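Trainee: Take the position in the sequence shown, starting the count at 1, then add 46; the result is the number in the working numbering.
Sharing a structure here in structure tokens format.
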Amino acid sequence: MLNLTEKQQEILKGIDGELTGNWKNLKWQVKHFVKDLETFEKLLNITLPEHLRRNFREVTEKFPMSITPYYASLINVDNLENDPIFKQSFPVIDELDIRRSDMADPLHEDSDSPCPNLVHRYPDRVLLLVSNTCSMYCRHCTRKRRVGDRDTIPDREQIATAIDYIRNTPRMRDVLLSGGDPFLLSDDYLDWILTELGKIEHVEVIRIGTRTPVVLPYRITDDLVNMLKKHHPLWINTHFNHPRELTNSSRTALRKLADAGIPLGNQSVLLSGVNDCPHIMRSLVHKLVRNRVRPYYLYQCDLSEGLSHFRTPVGKGIEILESLIGHTSGFCVPTYVIDAPGGGGKIPVSPNYLISWSTNKVILRNYEGVITTYKEPDSYEPTFCDRDCEKCELELALGDAEEHLFIGIEKLLEDSDDTISLVPQDNLRYERRKQECDD
């Protein structure tokens, strides 16, 4: 029998009528995605308050629901409407409150799409949308316009067109796979995409954005990890928003990926009533780094339709950063960003530590409020640059440095050098040996 919690065992009984032992099976979880009210209530053995039941069907006509049994099992039914898992997964009437500032495509991704399934906003990188399918429809999704659109999962021909654009654009050094969730593709299909991108010489790194370690950790199978290991350098960003999402199963998934040598990052969204608290965010980043996941971004909630109830003032994000910077390790502190409406890209926002400056002094304050002075050089002469980078003989030596060449006795002492003896030039024995070989 699998090591299941009592709650998970009850959920299995509610779905299958008996303990089948399939809880941690990926196919079983996918087969039992929760998409209707009756299944949701049966799963958790609850009856929802009447106002939630009354509004459910109205909301799901526009924004459908899909939750994995695993993620649903994390909901605290004793404090349902305050539970961060519930708030991220269950439709509520607030989603139909469309404000004047709300937009279907707030980041103008469709406008920055030179070909289907691809967004080219930044100079040297592109976003490749490989699927519209997700293991869960997050209620705060910035691409809510795509949720539930199952008819536009790109086939190989469509993805090949996008890859051709990357191949024909030499400045593209970084490709981010997103969607939807790339890990909802089959191993073979994802392997094919990574292989085709890996053939492009100017593509230096590939990134994958996925929420499966959070909502469907059983997707991180040994077969998937072994396939991913073939495609280094590969980076993965996931999406934990609350400390309660770091379960034994999610930690196992993260460990498999990290042990495969894949650098892991996390992108959280600042959500009202979910994680808009310095104590919650500090706990989250500490749990992440303990599991070898670097906090990467903290996003201000986008202006997508129906997200107004999730948005916080920007000042709340600044408050959270103030509680992290200096109070915990620097690598625990994510960059707080606003993804600019209209497609302007991510704009970092942070507390102001630079108070003032003059010609040769900078006045700064630290996390404690201590004000200090940094003395700048009285005379700074920048290196003259004629902007002729091709002929630069100054600092612009960008190629890899050559390793140190060992000479003389140093060669024999250095373990990394295979030399076992030094032979004087014109040694008669070696000359004779060479002559015999030539004959």
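Beta carbons: idealized from backbone N, C-alpha and C, even for Gly.
Bear in mind that the values here come from a model prediction, so they are computed numbers and not experimental data.
#1: In three-state DSSP terms, what is residue 111?
#2: From which residue to which residue does the beta strand (DSSP E) around residue 238 run?
#3: Between which residues of its own chain and residue 389 is the CB-CB distance below 8 Å, once the five residues before and five after are set aside?
#4: How about residue 223 and residue 176: do their beta carbons lie closer than 8 Å?
#5: Please list the segments of the alpha helix (DSSP H) lying wholly inside the segment 245 to 272, counting only runs of 4 or more residues, in order along the chain.
#6: For residue 287, which of helix, strand or coil comes out of DSSP?
#7: Out of 414, 468, 258 and 405, point me to the one whose CA is closest to residue 426's CA.
#8: With residue 300 and residue 314 assumed to form a contact (beta carbons below 8 Å), what rounded beta-carbon distance in angstroms separates them?
#9: Which class does residue 362 belong to by DSSP, given the choice of helix, strand or coil?
#10: Could you give the distance in angstroms between the alpha-carbon of residue 88 and the alpha-carbon of residue 228?
#11: Quick check: what's the CA-CA separation for residue 298 versus residue 73?
#12: Output needed for residue 401: all residues of its chain with C-beta closer than 8 Å, excluding positions within five of it in sequence on either side, in chain order.
#13: Let me check one thing: in DSSP terms, what residues is residue 382 bridge-paired to?
#14: Please check if any C-beta of chain D sits within less than 8 Å of the C-beta of residue 122.
#15: Considering only DSSP beta bridges, list what residue 315 is partnered with.
#16: Apart from the five residues just before and just after residue 90, which ones in its own chain have a Cβ nearer than 6 Å to its Cβ?
#17: Among 415, 438 and 407, which residue has its Cα nearest to the Cα of residue 423?
#18: Would the segment 323 to 341 and the segment 94 to 108 be scored as touching if the rule is three or more Cβ pairs under 8 Å?
#19: Just tell me which of 136, 125 and 130 has its CA closest to the CA of residue 8.
#20: Taking all protein chains shown into account, do 16 or more other C-beta atoms lie within 10 angstroms of the C-beta of residue 64, making it buried, or fewer, making it exposed?
#21: Please tell me whether residue 303 and residue 310 are closer than 8 Å, where the distance is taken between their beta carbons.
#22: Would you check if the segment 203 to 221 and the segment 368 to 380 touch, i.e. whether three or more CB-CB distances between them fall below 8 Å?
#23: For residue 383 versus residue 371, is the C-beta spacing smaller than 8 Å?
#24: How about residue 120 and residue 290: are their beta carbons less than 8 Å apart?
#25: Would you decide whether residue 118 is buried or exposed? Buried here means 16 or more other CB atoms lie within 10 Å of its CB.
#26: Look at the Cβ atom of residue 179, then the Cβ atom of residue 225, and state whether they are nearer than 8 Å.
#27: Buried or exposed for residue 492, going by 16 or more other Cβ atoms inside 10 Å?
#28: Check this for me: beta carbons of residue 263 and residue 296, under 8 Å apart or not?
#29: Below 8 Å on the Cβ atoms is my contact criterion, and I expect residue 465 with residue 459 to pass it. Report the Cβ-Cβ distance as a whole number of Å.
#30: How many Å lie between residue 336 and residue 286 at the Cα?
#31: How far does the alpha helix (DSSP H) with residue 408 in it extend, from its first residue to its last?
#32: From residue 245 to residue 305, what does the alpha carbon distance come to, in whole angstroms?
#33: Is it buried or exposed, residue 162, if we count other Cβ atoms within 10 angstroms and call 16 or more buried?
#34: Assuming contact is defined by CB atoms lying nearer than 8 Å, are residue 148 and residue 318 in contact in what I supplied?
Mentor: From the atom records:
#1: coil
#2: From DSSP, residue 238 is part of no beta strand (DSSP E) but of the alpha helix (DSSP H) over 233 to 244.
#3: 153, 154, 155, 157, 158 and 167
#4: yes
#5: 258 to 261
#6: Residue 287 falls in the coil class under three-state DSSP.
#7: Out of 414, 468, 258 and 405, 405 has the C-alpha closest to the C-alpha of residue 426.
#8: Actually they are not in contact, since the Cβ atoms of residue 300 and residue 314 sit about 15 Å apart, beyond 8 Å.
#9: helix
#10: 30 Å
#11: 18 Å
#12: Only 409, 410, 411 and 417 meet the Cβ criterion.
#13: 344
#14: Judged by its chain identifiers, the structure shown contains no chain D, having just a single protein chain.
#15: Looking at the DSSP output, residue 315 sits in a beta bridge with 345.
#16: 123
#17: 407
#18: With contact defined as three or more Cβ pairs closer than 8 Å, the segment 323 to 341 and the segment 94 to 108 are not in contact.
#19: The chain is shown only over 47 to 485; residue 8 falls outside these bounds and no answer can be derived.
#20: With a pLDDT of only 44 at residue 64, under 50, the local geometry of the prediction cannot be trusted, and no value is derived from it.
#21: yes
#22: As far as the Cβ criterion goes, the segment 368 to 380 does not touch the segment 203 to 221, which means the pair count is below three.
#23: no
#24: Taking the C-beta atoms as reference points, residue 290 is found nearer than 8 Å to residue 120.
#25: buried
#26: yes
#27: There is simply no residue 492 to check, as the chain begins at 47 and stops at 485 in what is shown.
#28: yes
#29: About 10 Å; that fails the 8 Å criterion.
#30: 14 Å
#31: From DSSP, residue 408 is part of no alpha helix (DSSP H) but of the beta strand (DSSP E) over 407 to 411.
#32: Cα to Cα, the separation comes out at about 25 Å.
#33: exposed
#34: For residue 148 and residue 318, no; Cβs fall outside 8 Å.
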